[in-house]
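Visitor:
Number of protein chains: 2
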Amino acid sequence: MWSKIVTRRVFFKVRFCSSLVPEEPEGPCVLTDVPGPCSRKLKKDLGKDQYTGEVTLFGNYQKSIGNYLVDADDNVLLDMFSQIATLPLGYNHPQLLKLFQDDKKLKTMINRPALGVFPGEDQPKRIHSLVSQIAPCLPKINLMMCGACANEQVFKNVFIAYQRKKRGQEGFTDEEKTTAVINQPPGAPNLCILSFCGGLHGRALGALASTHTKYIYKIDYPSLDWPIAYFPRYRYPLDENERENIEEDKKSLAHVEELFATYKKKETPVAGVIVEPIQGEGGNNEASALYFQELQKIIKRNNAYLVFNEIQTGGGSTGKFWCHEYFDLPVPPDAVTFSKKFAVAGYFHSDELTPDKPFRVFNTWMGDPGKVIILEAIIKVMREQDLLDNVLKVGARLKCGLVELEEEFCEIMDSVRGVGTFLAFNIANEELRDTVLHKLLRKGVVLGRCGESGLRLRPALIFQEHHADIFLDILRQVLKQCK
Amino acid sequence: MWSKIVTRRVFFKVRFCSSLVPEEPEGPCVLTDVPGPCSRKLKKDLGKDQYTGEVTLFGNYQKSIGNYLVDADDNVLLDMFSQIATLPLGYNHPQLLKLFQDDKKLKTMINRPALGVFPGEDQPKRIHSLVSQIAPCLPKINLMMCGACANEQVFKNVFIAYQRKKRGQEGFTDEEKTTAVINQPPGAPNLCILSFCGGLHGRALGALASTHTKYIYKIDYPSLDWPIAYFPRYRYPLDENERENIEEDKKSLAHVEELFATYKKKETPVAGVIVEPIQGEGGNNEASALYFQELQKIIKRNNAYLVFNEIQTGGGSTGKFWCHEYFDLPVPPDAVTFSKKFAVAGYFHSDELTPDKPFRVFNTWMGDPGKVIILEAIIKVMREQDLLDNVLKVGARLKCGLVELEEEFCEIMDSVRGVGTFLAFNIANEELRDTVLHKLLRKGVVLGRCGESGLRLRPALIFQEHHADIFLDILRQVLKQCK
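So the protein lines, in turn, are chains S and Y.
Letter by letter, the first sequence follows residues 1 to 483 of the working numbering.
Letter by letter, the second sequence follows residues 1001 to 1483 of the working numbering.
Below, the structure written as C-alpha cells:
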C-alpha cells in the first residue's frame, strides 16, 4: 500500500526556497472578496452570451505565473486545483512561452491537418518519440481531443476486439452490416462496459453511461443498461483499518464477478472494464495494488479488457508517470486513456485492441499536432527538472502536514489519502466543506471539491515544498476558524 | 431551390488571376506516384506506433501554401478536400501565421484554463464579439472541442429542456436522483433523438446512434434504439425532376411524422431532431427550403427541438455563413452546431435550451481560447476579403463547369448538386468513382468521397476562379481517360 511511503510525521516550517518558475510571488495576496467585483461584473457580461452557472472567478492569464493564479481583481491565489488538474507546469512557464517562436513548430500548429488521413511528415518521429518516452508498456497510441472522447473511442477498440475474438476468421454477415446502420443487433450487438460507483469517465453519452458520481451530471438523459460495480471505500488511516479495507476489496471484487455473470445471463456480455487507478472527482478513492491485480484476473478470466482511465492520475501527480505503475500488474492493462495534463487526449493500447479495418475508430482531427508540441515540451521540462521526484518529495511533506492537521482537528477533518500530490481529505459534512473551501479561497488558496465532503489537492508538478508550507499554514488557520 | 442561382452554362478558360494567398504556385505539379515513396515510408514508420489504415499521404505543412498541399514527396496538390473541410483559409495563411507573435494572444493560448470555471478576463469580450458576428439568430453559445462532442452535448440541452417542459415547476424527485446515477428511468428517462438515413453526426456513442452512413463506422458497437427517418434523395437536374423531388420531400416528412407517433407509443418520445442542412459525407444530399420549413412545423407540433448540424456546412462554403439561412425558416432553429472550419467546436442555442443548473452540460476544458483566437482571425479575413462573395462566384463557375462535364460525360457522371463550393457529383459506380479519385490525385487534385459513388468538393474559402478552371480542366482529362 503506497501510503506507507509517508512515515515521518514532522511539520516543516516555511523556509526560503527558489521557485522552479522564475518570478513567482512569495505567497498569495487577496485584496477583495473572491470572486471580487471585477470577476462578478465579468460574469454578468459573459452571462449575456453563454450559460455561466459554473464560473467561480475570472483569471488574468497575462499576469498569472507558476503556481499563482492572478484573478481579474488582482488577487494572487496559490492554485492547487490547477484548472481541474490540467496544468503540469503552472502558468506562463518560460519553456512553453517560447515554444512557438520556432517557425517550424508554429507552422505545425497553425496548419492543423486531419491527422488520420493526411498527417504531417514530422508526425511519425513526433509520435515515436512520445511513445518511447511515456507509453505504459503498451505499443500503440491513438490521439483524441478530450478525455470523454478518449474513453468513448477506446470502448470501440474494446468492442471490436471482443467481437473479433468471438467471430474468429469470419467476416461480417450481411445482416450485421444492415443492422449496424440502423442501431440494431446483431450489427449493433448487446455488449457493455462495466464501470464503478464513484467513477467519472466523461460527459458524452457513452462515457456518461460509465460515470456514477453526482446525479446532476446525468439526470434527464437517456442512458445504457450497463453494469455498475461497487468500488472499495477505505477507512483511514490505512494501517489502522487493514482488515476492514481488505473486506472492502473483497466486496467490490465479488460484485464485479457477479455482474459479469448477470450480464452474461442477460445476453449483454461485459466486453471491457473502465476504472480510474484512484477515483478523482468521485472522492480520491483508492484501492490496493492487490485489488487491481485481482480485478485484472477476473477480467482476463471473462475474456474482457481492462482500461485504466488515467486522465486525472496520469502525467506525474502521483509521483509516477502512470498511477497504475504502483499496482505491479503481472501483465500490462489493455488500454490507458489520458487527457488533462497531456494538453492533448488519447490512449495507449495493446496490439490486440488495434482495429483491423480503416475508419472504425476515427474522426476528423484525430488529435492536434499543436497540442502534441506542447506535450513534448512538458515531458522535456519534467525530465530536466526531475519533476516526478519533486512530486514525491512535496507529496510526502503535504501528506505529513495534512496528517498532523487531521490529528489536531480530528472533529472536523479526517481521511487524508492519496499518493504523491494527488491527495485529498474529508471535512465533517458537505456544508462545512464548502465553508472551508470558500475560506481557503478568501485566504488565497484554490482547492477542488471531491466526493461528498472531500477536498482534493491537484497542484501542478512545479508545486514545491515552500508552497506546501504556505498551504498547510493557511489550512491550519481556516480549520481553527471552523473548529 | 438554390440550384437556380446557376443559370449561365459557360465554360471559362484558365486565365491569370492573382491569388488571395501570396506565393501560391501556378498549378499542381506531381513528380511521383501519389502516395509517393516518402509517404509510403513514413506510413510504415508511423504504423509501428499507431494504426494507420486511413492514411492517404503525408503532408509537408512547412511548404504547403494557400490551396496547395505539398506532400512529403514534394508533389504539389490542389487541395479541394481541405483536410475534410476544415481549412477555411488554406495553408500557411499569413494572417494566421502572425497571430501568436502578439504576446497577449500567445499567453492566452498557452495558459489554457478550464473555461467553464475559471475563464480569462478577456473571454466575455471575445465571446460577445463572436456571438455578435456569427450567431445564427440564436442568443447563446457553448464551446466544445470537436463536432461529435458538440452534437452530444447539445442533445443534453435538448433533453433538459424537454424534461423541464414536462416537469414544470416541480424539482427532481428523489427517485429520479437515485436512478439517474445508475442509468435507469425515471432519472435516465426513455427519450430519443430522431436522425436521418445518410446523416453523420460524429463517432462518440451518442452521436454515432444518430449517424447512418457506412456500416463500418458502427458495426460491433452497442447502440440506442433511436428513430431513423428517410431523407429525401433528389434526382438531378432539379428543374427536370421537380415533381419526383417533391414526392421525396413528402415521403421523408411522412416518415418523420410516423416515427414521432411510433416512439411516443413506445414511451420513448422524440425530444429533438438532428439534421444536416446538406448531408455531407452521406452524399451531399440536399432537401428544399420548403422541406425544412415543413420539418420544423412537425417538430414544433410535437414539442420537440430542431438541431441543425452545421459542422460541415457552416462557416461559409455554401456562400452563406450558415447553410440553413437558405431555408427562410419563419423562426430560428433551436440549436446549430459547428466545428471544422471554426477551429473550435460548439453550438449556438435558444434561451429555452439553456441549462437551469450548473454542471449539467460541462466538461474540463469547455473549448479552447487559443482556437477561439484563430476563429477570430478567420472571421476577420472572411470579412476583409469578402470570402462569402468569392465562394458564390467560384461556386457558380464550378457548378457550371461540372454541369458541362456531366453533359459531355453523361454515361459516367451525373447528379451535380450543392450550393456555393459545397458541391458534389456522382460517378457511375463505386469502383469507377475510386478510379477517378485516384487519377485526379495522380494529376494533382485532392477530392473527397461521399455517399455510394459520389465525389465531394470541399475547397477552402480562398479557392478562386483560376483554381476552379485548373480543376475542371484536369477533371475533363480524367473523365476522358475513364470514358
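Beta carbons: idealized from backbone N, C-alpha and C, even for Gly.
In this text the structure is predicted, and so the values were computed from the model without any measurement.
Give me whichever residues DSSP pairs with residue 1337 of chain Y in a beta bridge.
Guide: Here residue 1337 of chain Y refers to the residue found at position 337 of the second sequence. Y:1309 and Y:1347, per the DSSP bridge assignment.
Visitor: Could you tell me the distance, in whole angstroms, from the CA atom of residue 1178 of chain Y to the CA atom of residue 1048 of chain Y?
Guide: For the purposes of this step, residue 1178 of chain Y is taken as residue 178 along the second sequence, with counting starting at 1. For the purposes of this step, residue 1048 of chain Y is taken as residue 48 along the second sequence, with counting starting at 1. Residue 1178 of chain Y and residue 1048 of chain Y: Cα-Cα distance of roughly 46 angstroms.
Visitor: Could one say the Cβ of residue 476 of chain S lies closer than 8 angstroms to chain Y's Cβ atoms, at least one of them?
Guide: Locating residue 476 of chain S in the first sequence gives position 476, where the first residue counts as 1. Closer than 8 angstroms: no.
Visitor: Quick one, which of Y:1432, Y:1346, Y:1040 and Y:1291 has its alpha-carbon nearest residue 1134 of chain Y's?
Guide: Within the second sequence, residue 1134 of chain Y is the residue found at index 134, counting from 1. Among Y:1432, Y:1346, Y:1040 and Y:1291, the Cα nearest to that of residue 1134 of chain Y belongs to Y:1346.
Visitor: Do residue 1364 of chain Y and residue 86 of chain S count as a contact pair if the criterion is CB distance below 8 angstroms?
Guide: The count along the first sequence starts at 1 and reaches residue 86 of chain S at position 86. The count along the second sequence starts at 1 and reaches residue 1364 of chain Y at position 364. In this structure, residue 1364 of chain Y lies closer than 8 angstroms to residue 86 of chain S by Cβ.
Visitor: Whose C-beta lies closer than 8 angstroms to the C-beta of residue 972 of chain Y among residues of the same chain, with five residues either side of it excluded?
Guide: Nothing about residue 972 of chain Y can be read from this structure; chain Y reaches only from 1001 to 1483.
Visitor: Can you pull the chain S neighbours of residue 1172 of chain Y, defined as C-beta to C-beta under 7 angstroms?
Guide: Start at 1 with the first residue of the second sequence, and residue 1172 of chain Y comes out as number 172. Within chain S, the residues near residue 1172 of chain Y are 219.
Visitor: Give a yes or no on whether 8 angstroms exceeds the smallest Cβ distance from residue 3 of chain S to chain Y.
Guide: As a working note, residue 3 of chain S is residue 3 in the first sequence. No answer about residue 3 of chain S holds up, because its pLDDT of 42 lies below 50 and its placement is not dependable.
Visitor: Measuring CB to CB, does residue 51 of chain S end up less than 8 angstroms from residue 1142 of chain Y?
Guide: Here residue 51 of chain S corresponds to residue number 51 of the first sequence, with the count starting at 1. Here residue 1142 of chain Y corresponds to residue number 142 of the second sequence, with the count starting at 1. Cβ distance < 8 angstroms, so residue 51 of chain S and residue 1142 of chain Y count as in contact.
Visitor: Inspect the CB distances between the segment 231–247 of chain S and the segment 1197–1215 of chain Y and report whether three or more fall short of 8 angstroms.
Guide: no
Visitor: Quick one: which chain Y residues come within Cβ less than 7 angstroms of residue 168 of chain S?
Guide: Here residue 168 of chain S corresponds to residue number 168 of the first sequence, with the count starting at 1. For a Cβ distance threshold of 7 angstroms, nothing in chain Y lies close to residue 168 of chain S: the least Cβ distance comes to about 14 angstroms.
Visitor: Can you give me, in chain order, the residues of the segment 46–68 of chain S that have a beta carbon less than 8 angstroms from any beta carbon in chain Y?
Guide: When C-beta distances to chain Y are compared with 8 angstroms, the residues of the segment 46–68 of chain S below that value are 46, 48, 49, 50, 51, 53, 54, 55, 56, 57, 58, 59, 60, 61, 62 and 64, in chain order.
Visitor: Which value, in whole angstroms, describes the spacing of the CA atoms of residue 209 of chain S and residue 284 of chain S?
Guide: As a first step, residue 209 of chain S must be located in the first sequence, where it is residue number 209. As a first step, residue 284 of chain S must be located in the first sequence, where it is residue number 284. Those two C-alpha atoms are separated by around 20 angstroms.
Visitor: Which residues of the segment 1224–1255 of chain Y have a Cβ closer than 9 angstroms to any Cβ of chain S? Give them in chain order.
Guide: 1224, 1225, 1226 and 1228
Visitor: Exposed or buried, what is residue 361 of chain S when buried is set at 16 or more other beta-carbons lying within 10 Å of its beta-carbon?
Guide: One-based indexing of the first sequence puts residue 361 of chain S at position 361. Under a 10 Å Cβ-count criterion, residue 361 of chain S is classified as buried, with 16 or more other Cβ atoms of the shown protein chains found around its own Cβ.
Visitor: What does residue 1160 of chain Y reach in chain S if we use C-beta pairs closer than 9 angstroms?
Guide: The residue labelled residue 1160 of chain Y in the question sits at position 160 within the second sequence. For residue 1160 of chain Y, the chain S residues whose Cβ falls inside 9 angstroms of its Cβ are 219, 220 and 221, in order along the chain.
Visitor: Less than 8 angstroms between CB atoms is the rule here; does residue 1015 of chain Y satisfy it with respect to chain S?
Guide: For the purposes of this step, residue 1015 of chain Y is taken as the residue at position 15 of the second sequence. Reliability of the predicted coordinates at residue 1015 of chain Y is poor, the pLDDT of 41 falling under 50, and the value obtained from them is presented with this limitation in mind. So no, residue 1015 of chain Y is outside the interface.
Visitor: Would you list, in chain order, the members of the segment 1364–1379 of chain Y that have their beta-carbon closer than 7 angstroms to a beta-carbon of chain S?
Guide: 1364 and 1365
Visitor: Please list, in chain order, the residues of the segment 1404–1419 of chain Y that have any C-beta partner in chain S closer than 9 angstroms.
Guide: none
Visitor: Any C-beta of chain Y sitting closer than 8 angstroms to the C-beta of residue 330 of chain S?
Guide: Against the first sequence, residue 330 of chain S aligns to sequence position 330. Cβ-Cβ to chain Y under 8 angstroms: no for residue 330 of chain S.
Visitor: Out of S:424, S:108 and S:323, which has the shortest C-alpha to C-alpha gap to residue 403 of chain S?
Guide: Sequence index remark: in the first sequence, residue 403 of chain S carries index 403 (1-based). Here the closest residue by C-alpha is S:424.
Visitor: Given a threshold of 16 other Cβ atoms within 10 Å of its Cβ, counted over all protein chains shown, does residue 1453 of chain Y qualify as buried or as exposed?
Guide: One-based indexing of the second sequence puts residue 1453 of chain Y at position 453. Per the 10 Å Cβ criterion, buried.
Visitor: Rounded C-beta distance between residue 1216 of chain Y and residue 1197 of chain Y? I'm assuming under 8 angstroms.
Guide: Translated into positions along the second sequence, residue 1216 of chain Y becomes position 216. Translated into positions along the second sequence, residue 1197 of chain Y becomes position 197. The pair is not a contact, with the Cβ atoms about 16 angstroms apart (cut-off 8 angstroms).
Visitor: Looking only at DSSP bridge pairs, what is residue 423 of chain S linked to?
Guide: Along the first sequence, one-based indexing puts residue 423 of chain S at 423. S:418 and S:457.
Visitor: Please list, in chain order, all residues of the same chain as residue 125 of chain S whose beta carbon is under 7 angstroms from its beta carbon, the five residues on each side excluded.
Guide: Position 125 of the first sequence, counted from the start, is the residue given in the question as residue 125 of chain S. The answer is none, since no qualifying residue turns up.
Visitor: Apart from the five residues just before and just after residue 249 of chain S, which ones in its own chain have a Cβ nearer than 8 angstroms to its Cβ?
Guide: For the purposes of this step, residue 249 of chain S is taken as the residue at position 249 of the first sequence. Around residue 249 of chain S: 232, 287, 288, 290, 291 and 294.
Visitor: I'd like to know if the segment 106–125 of chain S and the segment 366–373 of chain S are in contact, where contact means that at least 3 CB-CB pairs between them fall below 8 angstroms.
Guide: With a cut-off of 8 angstroms, the segment 366–373 of chain S and the segment 106–125 of chain S count as touching, because enough Cβ pairs lie within range.
Visitor: What residue range is occupied by the uninterrupted beta strand (DSSP E) comprising residue 1076 of chain Y?
Guide: The residue labelled residue 1076 of chain Y in the question sits at position 76 within the second sequence. Element bounds for residue 1076 of chain Y: 1076–1079.
Visitor: Taking only the alpha-carbon atoms, compute the straight-line gap between residue 1415 of chain Y and residue 1034 of chain Y and give it to the nearest angstrom.
Guide: In the second sequence, residue 1415 of chain Y corresponds to position 415, counting from 1. In the second sequence, residue 1034 of chain Y corresponds to position 34, counting from 1. Cα to Cα, residue 1415 of chain Y sits roughly 28 angstroms from residue 1034 of chain Y.
Visitor: Which residue comes first and which comes last in the alpha helix (DSSP H) that contains residue 482 of chain S?
Guide: Translated into positions along the first sequence, residue 482 of chain S becomes position 482. Residue 482 of chain S -> alpha helix (DSSP H) spans 465–482.
Visitor: Sorted by chain position, which residues of the same chain lie with C-beta nearer than 8 angstroms to residue 1254 of chain Y's C-beta, five sequence neighbours on each side aside?
Guide: Along the second sequence, one-based indexing puts residue 1254 of chain Y at 254. Contacts found: none.
Visitor: When DSSP labels each residue in this structure, what does residue 448 of chain S get in the three-state scheme?
Guide: Numbered from its first residue, the first sequence carries residue 448 of chain S at position 448. Three-state DSSP puts residue 448 of chain S in a strand.
Visitor: Between the segment 1112–1124 of chain Y and chain S, which residues of the former have a C-beta closer than 7 angstroms to a C-beta of the latter?
Guide: Here the close residues are 1113, 1114, 1116, 1117, 1118, 1119, 1120, 1121, 1123 and 1124.
Visitor: Kindly indicate which three-state DSSP category residue 437 of chain S falls into: helix, strand or coil?
Guide: On the first sequence, residue 437 of chain S is found 437 positions in, with the first residue counted as 1. In the structure shown, residue 437 of chain S sits in a helix (DSSP, three-state: H, G or I).
Visitor: So which residues of chain S does residue 1149 of chain Y contact, with C-beta pairs closer than 9 angstroms?
Guide: Sequence index remark: in the second sequence, residue 1149 of chain Y carries index 149 (1-based). The answer, in chain order, is 145, 146, 148, 149, 203 and 204.
Visitor: I need the straight-line Cα distance from residue 1324 of chain Y to residue 1336 of chain Y, nearest angstrom please.
Guide: Here residue 1324 of chain Y refers to the residue found at position 324 of the second sequence. Here residue 1336 of chain Y refers to the residue found at position 336 of the second sequence. Cα to Cα, residue 1324 of chain Y sits roughly 9 angstroms from residue 1336 of chain Y.
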